[in-house]
Structures are given as C-alpha cells and as structure tokens.
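Have a look at the structure below before the remarks.
Number of protein chains: 2
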Amino acid sequence: MATIKELSIRCGVSVSTVSKALNGYQDISEATREIVIKAANEIGYFPDANARALKMKKTYNIGVLFSTLSNHGLRNEYFAHILASFKEKAAKRGYDITFIEHNIGNRKMTYLEHCRYRNFDGVFIACAEFSEPEVLELVNSDYPVVTVDHAFNEAISVLSDNVEGMRQLTQYVIDQGHKKIAYIHGTKSSVTHNRLVSFNNVLKENGITVLEEYFVEGVYRCAESAEELALRLLKLPDPPTCIIASDDYAALGVMNTARRLGLKIPEDISLAGYDGISVSQALEPKLTTIKQDTDKIGAEAARQLINLIESPMTTSLDNIYLKVQLVKGGSVKNMNENR
Amino acid sequence: MATIKELSIRCGVSVSTVSKALNGYQDISEATREIVIKAANEIGYFPDANARALKMKKTYNIGVLFSTLSNHGLRNEYFAHILASFKEKAAKRGYDITFIEHNIGNRKMTYLEHCRYRNFDGVFIACAEFSEPEVLELVNSDYPVVTVDHAFNEAISVLSDNVEGMRQLTQYVIDQGHKKIAYIHGTKSSVTHNRLVSFNNVLKENGITVLEEYFVEGVYRCAESAEELALRLLKLPDPPTCIIASDDYAALGVMNTARRLGLKIPEDISLAGYDGISVSQALEPKLTTIKQDTDKIGAEAARQLINLIESPMTTSLDNIYLKVQLVKGGSVKNMNENR
DNA sequence: TAATAATAATTTATCAAGTAAATAATCAAT
DNA sequence: ATTGATTATTTACTTGATAAATTATTATTA
C-alpha cells in the first residue's frame, strides 16, 4: 500500500505538504494541490486508517453489540434486518462497523474495554441482555450510544411505537368480535411491558375483562416456550377465542401447538403476532401481526448515532418512536359474521 | 484509556520494559514482570489496537464482504446464519470482524482498497456477485481469502457437498415414485451448475428422461422469480408431478403459485427445496429439502481463514466440502402408495 | 583481580499519518 | 536596497506501541 511518504517523493514535495494538500489546508498553492491530488488518484493512495486513527483520535468505526444470547442475534430475522439497514446507512455516512465482543482470543475484556481497545467512535447496541452489568457499563460510559428497543436515560433509543402498535392490534381483534383474548407476553422489559399495558388499556376502554389465566409469560422471541404456554391456554376449561403473542416467533409456536391439537386457524382458534417477520407472511393463513419497520429502525439508529458522534452538543438524547403498521393476515376470525 | 506510558510511570520502569514484560520477552526479570502485570490488571490496561497495528502490521481484524445485492446479504437467513457462526469462531481465535464496503462516505474505493485502508489480516467473502471485477480483484490480491459457495483457484472455498445433496434429494423423489420431475435452477454459478449436473446424473442412472420444458432458470434465492416459473410449469399440457427448486426461497415461490392455482401440496403437486432455512420447517406441510449446515460452514470458514492468515505455508488452498442432510418434510407425495 | 559472560533494563528508531512552529520564497511598497 | 506582508514549504514533534541497539549490573571464570 502506498504511503504518504511515497506519494511525497513522487510529487517532489515534503510529506506535510502532501498531507496539507489532501486535507484542504489553505496555505498550499492550487498548483501544488492539483499535482498532489492527481498523483494520489493515480497511485490509489488512501491514508492508513490505523495511523490516522492514532493521531486523530477518530477511527470512523462504530462498534456494534449483537450478542447471540437466547433467540437474539444475527439468527433472528428482526435484528438481522435492522443491522443490514444500519450498515448501509453508516457506510453512506463514512463509518465502518465492527462487532463488539467479550473475549477476543484468550484476553478477557468487557464490552467497554473492547470498545476502548479498538477506539470506536460510537456504539450501537442492537441486541443484548440489557440487565447485564457489562452492558450497563457501556451505556453509562462516555461513549455515544444508541440502542434498539430499550430505553435508557444515558442513550438514545430507537424503537417502534409499541403502545400504539398493540393498541391497533388489540382493537382490531376486538372489532372482529373477540372477547376472550389471551395474551402471551415476553420476559419483562420496557418493550414487553409497554405492550402489555397497552393491551390492558384497550381491553378496559372496550369494557372487556378477561380471565386472569389468559395472561401468561413466556420467553421473548422463543417458539418453544410459546408452544407450552399455548397448550396450557387451549386446555383451559374456558379457552380463549384468540391468542395474541408478543412476537411472531411465539405466534409460530402457538401455531404448532394448535396444529398438533388438531385445531384449525382461524376457524377453531384465532391468532395474532407482533414484528412482521417474513415467515409470518409465508404461512397459510398469513399471520395477523404488527409490522415493525426494520429498515427505518436501522437507518434511524445510524443517523442518530452519527449525529451524536459528530455533534454531541446539538443532538438530544430523546428516544425515537417509529410508526408501525397493522398487517391484516387471515389468522384472526371475524366472529361477527358468525352470529 | 490508559496508555503504556502511564503504566510505565506507575511501575517506575521504561515503556519498553512494560511492553516486553507484557509480551512475554525473556530478558525481563520475573519480579519486574509481576509488578507490571499486576499494575496492568489494576488499571485495566489494554494496548491500543491502532497503535499496535501500525507497528506490527497486524490488526487482528478480518474484513467480511457481505454485499446486499439482490436476495443476498444479511436479510437472507442462509448467509446471516453463516455470518453468526463465523463471528463466534473468529472471536474465539482472537479476531474481530468488520464489514468491507465500497464507498465509505464520499470516498469511492474498491473492496481491495478498503481492505488495505483498514489493514485487514484476511478476507471472508460470504456473499457477493462473484463475477464483479472488484470481487475478482480482491480474490486475486495477495490477501488470504475464504469464500462461501464459490470455488476459486486463488482462495479456499467452503461449501456444501452439492453433488451429493442433490443426489440424495433427487433419488428420494424418484423413490417416492415420481418420474415427471421439473427443476428450477438458479442463475448460473458453480454451485447451481453442480446441483443441476447432479440432478441430471441421477435421472440418467434411474433411466428417467424428462421433458426439456421441465428445466427452467430463475433468479437464485428469489421467490418472485420462482412464482412465475412455477406458473409456466404447472400450465404445461403435460405438467410435472414434482418440482425441485434450487433453493428454499424459490420453493416458497412455487408454493405461493400452487396455492393461487388452488393446487394442494403434496396431493396435487409435490415440491422440494434446498437449503433448509427455518421457514421451510414452519410451513404446513413441512418442506422436503436438503439442510445445509450453516453453523459448520461459518465456523469452518473462520477456521480455514485464520489458519491461512497465521500459517500460510502449511494451509492448502483446497476447497472444503461439508456434509448435508436430507430433511423429509411432507411436501413430496408418495406415488407408490397411490397405485 | 581482571576479563568475560549472562542478565536486565534503558535508549533510540520506527511504523504512517497529522499539525504547530519555524523557515523560506515571493512580491509590493517604501 | 530594505522592510513588511503574504504565501508556500519544511522541520520537528506527536500519537501508542514494538524492535533493535545499547548500556548497566551482576555473576562466573581464568
């Protein structure tokens, strides 16, 4: 790889003249600048990222935390899609992305230590166990941080408007004539909590009360966990007519159980999910669900993080709520027509 | 972040003594080494990656090419899963991973230039348009390169044993009594070519000849493209009894078309795919397909690449073929029982 | 005891950049 | 011709780490 020194020899000027010429300094004659730029293009010169980072304290590299715990990580479509759009947007703004790891080889380091070691300019926490001390350490550090689906005071979070999403979904189910609605909610987090609260509010507004047994808690985004819970719900003496799962993976689990019990969806049991992953629309019937705009979430996260990196004084730490969309599949039966 | 200089002051020794002590040099007394290591742990010292890379010509960072062209990239489950296991394995061996990009900000650079700019130690081409000049430039460079699903002379490729996979699948379909088998093959590449050849060989071995119209070419891993082709196949005067798609996404497309035409799978038309993505097993009926071991592909790719980086003289450039597994779903009808 | 060897630590140079300060060159005005 | 102002270029230093060369200290041997 060509270095600035080689370039300077080729141009017959000093190294610093080259540096200044390329970095837009004003004390360089236009003639010299032209020569340097032309030569740089000819030999395909790019300043070495490591050397530059060392001197400038700026790497143009963003650390992305993407822990593979439980059902998260790259193997989860929701997060993989978010990462894809984050990556595209970051590249457009001039930033590379590198995954944050725990243990690199045999050196044990915390997430924060890894970030400092690599000198990331900022941190994107796409998915992680938000209660982990190491994650908190990262969020509470002086790093610019943007998270997805988890609100912190010390960071910007980009998330779907879950209150509105669950409101639309629940109202739709109620409008279809359902009164016995069960809810499988995920492991407690601000996201799942908001959805649960919203669900309850809509029930209340519509003057509907449901059995306490209709509320069950499962592992978030885990089909297997939902399978069991669905079995419990469907075997109740007074089973629900509709099950709302807190995410599409859980909905898939419910579907499996229903199938095993010989129940048809939506004839025998209605079902709705949340997320709008692509599988949900490949099924027969298509799943009624709330589609989260993963493209926007990723792009907006990148936008916010890079703004925070480049203009920390004018970027507020407010959370960003994005619109969601009700997808009317065929998995919720219209009970009104049935009368 | 603590620097080596701060650490040296704290220990009352020179900077290079600290460096030597931490890097296992023998010309350091055990007493001094202990003091240094203890102090390093106390203040949580890690050598700065950029400074280290500059001096050592080694970044412990792998560039990963993951272009989002057509139906590839992170949004494709197959590749996302491969990346997940690659990432885990690389971290275990002490390497970080950073995505290779084209245009970073407003600087246009080729993939190779980006790699040199960041000084990656090696390159993993997970998915890309292999005919692109930029990709070829990368493969032909002096970088250690590992690819997935595409054999080059200048790089190691990790791929499934597609000949054997398609053999198993085709034989299974034939054993189920099918003789009129159509094949939707993907855009030409070594992978799709091998599958097609294998399909033909098995037909021949079984003394089966099929109509020329049964061979159609579609866009690889694209459901929409397969939808159209399936329509063409199913509208033939003498339609096939089974359609084999070159991948599961294409199989999904076929499924959609069949559904639209009111045809039931497998009663009216049998269907098989290739890849074994999770959607394929969430469907009803489950798809008969060949499962590629994405965990192994990713891990093996990482293993090979890091071996190539660390011991280029003893790592051969041979391709690695991994075993596949026939998944007998319910999408292929047993024609023998039907007689 | 002096010479030599072995060990332990320090100094200096280097990697590829960027930048402040010093210097040189050019030209105009006096 | 001298001074001053302006513009262009070079020198010297810095970033954090490592490698090579060098020096200091202690131990061993003739």
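Going down the list, the protein sequences come from chains A and B.
Note that our numbering gives residue 1594 to position 251 of the first sequence, counting from 1, and the numbers run on in steps of one.
Note that our numbering gives residue 1563 to position 220 of the second sequence, counting from 1, and the numbers run on in steps of one.
The beta carbon of each residue, even a glycine, is placed where N, CA and C say it ideally should be.
Query	Result
Residue from V1622(B), G1641(B), I1640(B) and D1638(B) with nearest C-alpha to T1632(B)	V1622(B)
Cutoff 8 Å: E1567(A) Cβ touching any chain B Cβ	no
Bridge-paired residues (DSSP) for L1665(A)	S1503(A)
Per-residue contacts from H1424(B) into chain A (C-beta, under 8 Å)	L1417 and R1418
Local Cβ density within 10 Å of I1652(B), reported as buried at 16 or more and exposed below that	buried
Whole-angstrom C-beta distance between S1589(B) and Y1617(B), which should lie under 8 Å	6 Å
Rounded C-alpha distance that separates I1477(A) from V1407(A)	Rather than Ile, the amino acid found at residue 1477(A) in this sequence is Glu. Cα to Cα, the separation comes out at about 14 Å.
Where R1564(A) falls: helix, strand or coil (DSSP)	coil
9 Å Cβ cut-off: residues of chain A touching L1363(B)	One detail in the question is off: residue 1363(B) reads as Lys in this sequence, not Leu. Neighbours of K1363(B) on chain A: none; closest Cβ ~18 Å, over 9 Å.
The segment 1393-1409 of chain B touching the segment 1460-1471 of chain B, judged by at least three CB pairs closer than 8 Å	yes
Inter-residue CB distance, V1675(B) and Q1511(B) (contact presumed, cutoff 8 Å)	At roughly 13 Å, the Cβ-Cβ gap does not stay under 8 Å, so V1675(B) and Q1511(B) are not in contact.
The segment 1643-1652 of chain A in contact with the segment 1448-1459 of chain A per 3-pair CB rule at 8 Å	no
Continuous alpha helix (DSSP H) assignments of at least 4 residues falling wholly in the segment 1428-1486 of chain A	1454-1461 and 1476-1482
Spatial neighbours of G1673(A) in its chain, beta-carbon cut-off 7 Å, leaving aside the 5 residues before and after	P1609, P1628 and K1629
Contact list for N1393(B) against chain A, beta-carbon separation under 9 Å	A1392, N1393, A1394, R1395, A1396, L1397, T1402, R1461 and N1462
Beta carbon proximity, E1472(B) to chain A, threshold 8 Å	no
Closest Cα partner of P1390(A) within the set Y1460(B), K1547(B), E1377(B) and G1355(B)	Y1460(B)
Within chain A, the residues that G1367(B) reaches when beta carbons sit closer than 8 Å	Result: empty, since nearest Cβ-Cβ is about 13 Å, beyond 8 Å.
Those runs of the beta strand (DSSP E) which lie wholly inside the segment 1512-1577 of chain A and span at least 3 residues	1524-1528 and 1558-1560
Proximal residues to S1683(B) (C-beta, below 8 Å), its chain only, five neighbours per side dropped	Since the displayed chain B opens at 1344 and closes at 1682, residue 1683(B) lies outside it and no answer follows.
Coarse secondary structure for I1652(B), derived from DSSP in three states	helix
Between the CA atoms of G1355(A) and A1383(A) - distance to the nearest angstrom	13 Å
Beta bridge counterpart(s) of C1585(A) as assigned by DSSP	I1524(A) and S1613(A)
Residues from the segment 1424-1444 of chain A in contact with chain B, defined by Cβ distance under 8 Å	H1424, L1426, A1427, K1430, E1431, A1434, K1435, R1436, G1437, Y1438, D1439, I1440, T1441, F1442 and E1444
DSSP three-state assignment for V1361(B), whether helix, strand or coil	helix
Bridge-paired residues (DSSP) for L1408(B)	I1468(B)
Where the segment 1625-1640 of chain A meets chain B: residues whose CB sits under 8 Å from a CB there	A1625, L1626 and E1627
For I1633(A): DSSP bridge partner residues	L1669(A)
In DSSP terms, what D1618(B) is bridged to	K1634(B)
Neighbourhood of A1345(A) by C-beta distance below 6 Å, restricted to the same chain and skipping five residues each side	I1386 and Y1388
Pairwise C-alpha distance: K1381(A) and G1367(A)	14 Å
Beta-carbon gap between S1659(B) and H1521(B) smaller than 8 Å	no
Residue environment, R1682(A), which counts as buried when at least 16 other CB atoms sit within 10 Å	Here the model assigns R1682(A) a pLDDT of 49, short of 50, so the residue's position is not dependable and the matter cannot be decided.
Secondary structure of T1600(A), DSSP reduced to three states	helix
Closer than 9 Å at the beta carbon, the chain B residues around E1309(A)	Absent from the model: residue 1309(A). The displayed extent of chain A is 1344 to 1682, so no value can be given.
Closer than 8 Å to chain A by CB, F1467(B)	no
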